[in-house]
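Just below is one structure, and these are the notes that go with it.
Number of protein chains: 2
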Amino acid sequence: MEAAFVAVGSELLGTQRLDTNSLLITDLLRRHGVRLRRKAVVGDDEEELCREMQGLLGRFPLVLVTGGLGPTADDVTRQAVARACGRELVEDAAVLADVEGKFRALGRAMPEVNRRQAQVLVGSRVLANPRGTAPGLCLEQGGTTLFLLPGVSRELEGLLRHQVEPWLEDRGDGQGIESGVVKVACLPESVVEERVAPAYAEIGRERISLLASPGEVRVEVTARGDADQRRVELDRLLARIEVLVGEAAYGRGDETTLEGVVGGLLRERGATVATGESCTGGLVAQRLTEIPGSSELFVGSVVAYSDPAKERLLRVPAEELSRHGAVSEPVARSLATGARQVLGADWGIGITGIAGPGGGTEEKPVGTVHLALAGPDEAQTHRHIRLPGDRRQVRWLASQVALEMLRRELLGSGRQR
Amino acid sequence: MEAAFVAVGSELLGTQRLDTNSLLITDLLRRHGVRLRRKAVVGDDEEELCREMQGLLGRFPLVLVTGGLGPTADDVTRQAVARACGRELVEDAAVLADVEGKFRALGRAMPEVNRRQAQVLVGSRVLANPRGTAPGLCLEQGGTTLFLLPGVSRELEGLLRHQVEPWLEDRGDGQGIESGVVKVACLPESVVEERVAPAYAEIGRERISLLASPGEVRVEVTARGDADQRRVELDRLLARIEVLVGEAAYGRGDETTLEGVVGGLLRERGATVATGESCTGGLVAQRLTEIPGSSELFVGSVVAYSDPAKERLLRVPAEELSRHGAVSEPVARSLATGARQVLGADWGIGITGIAGPGGGTEEKPVGTVHLALAGPDEAQTHRHIRLPGDRRQVRWLASQVALEMLRRELLGSGRQR
């Protein structure tokens, strides 16, 4: 089955906002094997919307429209669709009673403008919208099933789940497409691609896609079939990708974060961590404390931007600072050990570097970062890296490498001692 | 003048990506008084794109299309537009030489597939694209000026600036619309709306729009006229909004950040700051160190999650912790003073609170935060607030309030002593 989508709202034609409802709709349609073939945005513009609808009705078996169902004069979806379908709008007594009831529940009388929201197209089915005032509408017109849905995402989500999805379930054969994701830290996209390449032959290149963002690659695989088949198949594919990528694959699903995985490993081992950060300005601490309940595993952090702060708070020897400079291996190691000891944690992370834009030298250009990890057995890991990008990206990448170093150590496979 | 926009690319019909090119285009069009009336996304789908173009050509004086100009078989924009216009595609020798030259400059031979990129519509003008291989094309068809532009944003930006904008300048009367923004910290949207209400009558409600995000409200005003008139008018409007909003208006323009403004004030005064943070996990430090050159004004931070860390590193008296609890006014004050003294800064920020989801009690529910500011004259500001939202939002709002407290103090107008 093929579908078309239209988002209505002049704010979606401005410079600040994009239609995001279509992402919700695309995901739902894919899971039910429906292909979205086009989407359009039109303003609160009866003429243009009517024309758009005339072009879609009869051409696609399924058309979804969001927005323009509000109570004010610039909400024109009902009128435009009525014109495009050659149907009348009539006031529906039950809908009116429902809208009035919603205002009454808030202790208010219904403003007269909201009466518009009780208008329905002749022959349409009213779709209850408990999260808002305007109901959705569903109608058949020239071989097209047309859904008119609210533009507010929270209301739309409810209607998609309780009205559109059941319709798709009834219509379809249960076959659909679903995606799963493996997330990979601190490997270049080209390396990830090389590693997953065998899977191209095994399951088809078009079913695997890579998306890189700084310090991370997302490997997405898709499975077809009914819901059960898809679950089994996705599981198999994700496991295969994980094997191919190796240990750098840190988790599944878009909700999974590197800090969340590190937090989970610390919790499992009953271990705690502290950080001594310079160039990252506390970003590692920040990320670790984003995890709910992080007080059990994160003790604290010292962000020491100045040399005296490094000496006084983290016991970095003055002699190290003067001989090697603040951005150096010995100082990174001292920051890690200092954080661990001063804050009383099992693990200490030390980071010092030059995030830029200023401060770079020929010997230590912008992007130079030293990272160290001090562990319970006093063994230390150190890495010296050159990171690309602007200040924000250098800091982000440094935090990513630090978390990945700790993750590897916790898995018992730190590489460089 | 009215315009329509089409983004081409199957990836824009998936669940992960949205067309963002239209934002660049909308901004440019507005500045030249052109109204974008509709936008559409179609896949790499010759049939559908041809149909879309047929619906637009002759109906809008200006149509812009991005994407689908690449070298592979799924790049169909040239073919689809040729069909819609009834024109032929021919290989252009100059374009071919240019594409070949670009590969040669990289020390490579041009792959045969790239020959497609040298195809141009008969009667079209070739638009040089120095940032990529495929040139843009411009043609007149049935009263429509049609621009075919690359989908890669960096390439698109270059062509908009050097090809589309000069065309708009030639065509238009110089009249356009431009927006300016005043950013407001830590005031509810309803309060900001109340304050700017007089401007609705003065300059028209439709020219002012408010957009709220956690801890911040953006007031956007628009000016019409030629470039000079707009600049003068925008300046006047922004100044008026700033007067109406009062001191909570911290800056102009979307690039302006609260931390940037605070950093600027510190720099002007030659002052430094340090933070002692608990629930925010170093977010204030993080934000302050995002400013380039922040090492001159930011000394460091102690993130003390545990009570012993608060005692040892920031000299919070054990007796305060046991008598009042870690989330309390005295502890916030001690964190601020401790950070200031231990790290040796002019200003100290102390934050302690319950970010959630766990840890709340009846007396101190999730969202309870105590903030304190210790200054050079030892005077202290304190605020006790209840913040709404989830963990991430509570932390963000707390950092926002802390920075705003410091900003007000630096302006010499801290309210609560």
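Residue numbers (the working numbering), protein chains in the order written: chain A, 168 to 584; chain B, 168 to 584. Beta carbons: idealized from backbone N, C-alpha and C, even for Gly.
Rounded distance between the beta-carbons of L185 (chain A) and D187 (chain B), thought under 8 Å: Contrary to the premise, residue 187 (chain B) reads as Thr rather than Asp in this sequence. The C-beta distance from T187 (chain B) to L185 (chain A) rounds to 7 Å, short enough to fall under 8 Å.
Please go through the stretch 338 to 367 of chain A and give each complete beta strand (DSSP E) segment of 3 or more residues, from N-terminal end onward. DSSP assignment within the stretch 338 to 367 of chain A yields the following whole beta strand (DSSP E) runs of 3 residues or more, N-terminal first: 343 to 352.
When you compare the CB of A565 (chain B) with every CB in chain A, is at least one pair closer than 8 Å? For A565 (chain B), the nearest beta carbon of chain A is not closer than 8 Å to its own beta carbon.
Run down chain B in chain order and give the residues with a C-beta less than 8 Å from the C-beta of T193 (chain A). Neighbours of T193 (chain A) in chain B, taken as residues whose beta carbon is under 8 Å from its own, are L180, G181, T182 in chain order.
Proximal residues of chain A, C-beta to C-beta of Y472 (chain B) below 8 Å: Residues of chain A passing the Cβ test: T456, S461, S462, F465, V466, G467.
Given R574 (chain A), which residues of its chain have a CB within under 8 Å of its CB, disregarding the five upstream and five downstream residues? Excluding residues within five positions, the ones whose Cβ falls inside 8 Å are A352, Y417, L425, V428, V429, L432.
What does DSSP give as the partner residues of R407 (chain B) in its beta bridges? Partner(s): none; R407 (chain B) has no beta bridge.
Cβ of A476 (chain B) within 8 Å of any chain A Cβ: In terms of beta-carbon proximity, A476 (chain B) lines the interface with chain A, with at least one pair separated by less than 8 Å.
What did DSSP end up calling E530 (chain A) once you bin it into helix, strand or coil? In the structure shown, the three-state DSSP call for E530 (chain A) is coil.
Helix, strand or coil at R385 (chain A) [DSSP, three-state]: DSSP places R385 (chain A) in strand when its eight states are reduced to three.
Taking CB distances under 8 Å as the criterion, tell me whether T187 (chain B) reaches chain A. Yes, T187 (chain B) counts as interfacial toward chain A.
Rounded to a whole number of angstroms, what is the C-alpha to C-alpha distance between T504 (chain A) and L455 (chain A)? The alpha-carbon atoms of T504 (chain A) and L455 (chain A) are separated by roughly 18 Å.
Return the Cβ separation of G253 (chain A) and T244 (chain A) in integer angstroms, given the expectation that the two are a contact with Cβ distance under 8 Å. Their Cβ separation, rounded to whole angstroms, is 16 Å, which puts G253 (chain A) and T244 (chain A) out of contact at 8 Å.
Determine, using beta carbons only, whether Q547 (chain A) comes closer than 8 Å to chain B. Cβ-Cβ to chain B under 8 Å: no for Q547 (chain A).
Taking only three categories from DSSP, how would you classify L578 (chain B)? In the structure shown, L578 (chain B) adopts coil according to DSSP, grouped into three states.
Roughly how far, in whole angstroms, is the beta-carbon of R562 (chain B) from the beta-carbon of A541 (chain B), given that I think they are within contact range, below 8 Å? With a Cβ gap of about 21 Å, R562 (chain B) and A541 (chain B) do not count as contacting.
Can you tell me which of B:A390, B:E345, B:L570, B:A249 puts its alpha carbon nearest to the alpha carbon of G449 (chain B)? Of the candidates B:A390, B:E345, B:L570, B:A249, the one whose C-alpha sits nearest the C-alpha of G449 (chain B) is B:L570.
Indicate whether G339 (chain B) and G460 (chain A) have their beta-carbon atoms separated by less than 8 Å. No; because the gap between Cβ atoms is not below 8 Å, this pair is not in contact.
Can L294 (chain B) and G303 (chain B) be called in contact, C-beta distance under 8 Å? Yes; because the gap between Cβ atoms is below 8 Å, this pair is in contact.
Residues of chain B with a CB under 8 Å from the CB of R558 (chain A): which are they? Residues of chain B passing the Cβ test: E457, P459.
Nearest-angstrom Cα separation, counted from A368 (chain B) out to K206 (chain A): Distance from the CA of K206 (chain A) to the CA of A368 (chain B), rounded to the nearest whole angstrom, comes to 38 Å.
Mark T447 (chain A) as exposed unless 16 or more other C-beta atoms lie within 10 angstroms of its C-beta, in which case mark it buried. Buried, since its Cβ has 16 or more Cβ neighbours within 10 Å.
Tell me which same chain residues have a C-beta within less than 7 Å of the C-beta of L323 (chain A), skipping the five on either side of it? Only residues of its own chain outside the window of five on either side were considered, and among them N188, L191, T233, L316, P317 have a CB closer than 7 Å to the CB of L323 (chain A), listed in chain order.
Report the rounded CA-to-CA distance for Q583 (chain B) versus H551 (chain B), giving the unit in angstroms. At Q583 (chain B) the pLDDT is 36, less than 50, meaning the model places this residue with poor confidence; the figure from the coordinates comes in the next sentence. Answer to the nearest angstrom: the Cα atoms are 11 Å apart.
For S461 (chain B), the first and last residue of its enclosing alpha helix (DSSP H): Where S461 (chain B) is concerned, there is no enclosing alpha helix (DSSP H), given that its DSSP letter is neither H nor E.
Same chain, Cβ closer than 6 Å to L488 (chain A), five either side skipped, listed in chain order: These residues qualify, in order along the chain: D474.
When DSSP labels each residue in this structure, what does C305 (chain A) get in the three-state scheme? DSSP places C305 (chain A) in strand when its eight states are reduced to three.
If I measure Cβ to Cβ from L179 (chain A) and keep anything under 6 Å in the same chain, skipping five residues before and after, which residues do I get? D186, V208, listed in sequence order.
C-beta atoms of R162 (chain B) and V412 (chain B) nearer than 8 Å: No statement about residue 162 (chain B) is possible, as the shown extent of chain B runs from 168 to 584 and does not include it.
Less than 7 Å between C-beta atoms, sequence neighbours within five positions excluded: which residues of the same chain meet that for A471 (chain A)? Within its own chain, the residues whose Cβ lies closer than 7 Å to the Cβ of A471 (chain A), once the five positions on either side in sequence are excluded, are G443, S445, K477, L480, L481, listed in chain order.
At 4 residues or longer, and completely inside the stretch 213 to 238 of chain A: list those alpha helix (DSSP H) runs for me, N to C. Fully enclosed alpha helix (DSSP H) runs of 4 or longer: 213 to 223.
For V399 (chain A), which residues of its own chain have a beta-carbon under 8 Å away from its beta-carbon, when the five flanking residues on both sides are left out? Nothing listed; no residue qualifies.
Please report how far the alpha carbon of G341 (chain A) lies from the alpha carbon of G325 (chain A), in whole angstroms. C-alpha separation (whole angstroms): 21 Å.
Could you tell me the distance, in whole angstroms, from the CA atom of E422 (chain B) to the CA atom of G579 (chain B)? The alpha-carbon atoms of E422 (chain B) and G579 (chain B) are separated by roughly 25 Å.
Just to confirm, is the Cβ distance from L538 (chain B) to L554 (chain B) under 8 Å? L538 (chain B) is not a Cβ neighbour of L554 (chain B), given a cutoff of 8 Å.
Using DSSP with H/G/I as helix, E/B as strand and the rest coil, what is E496 (chain A)? Note: E496 (chain A) maps to helix in three-state DSSP.
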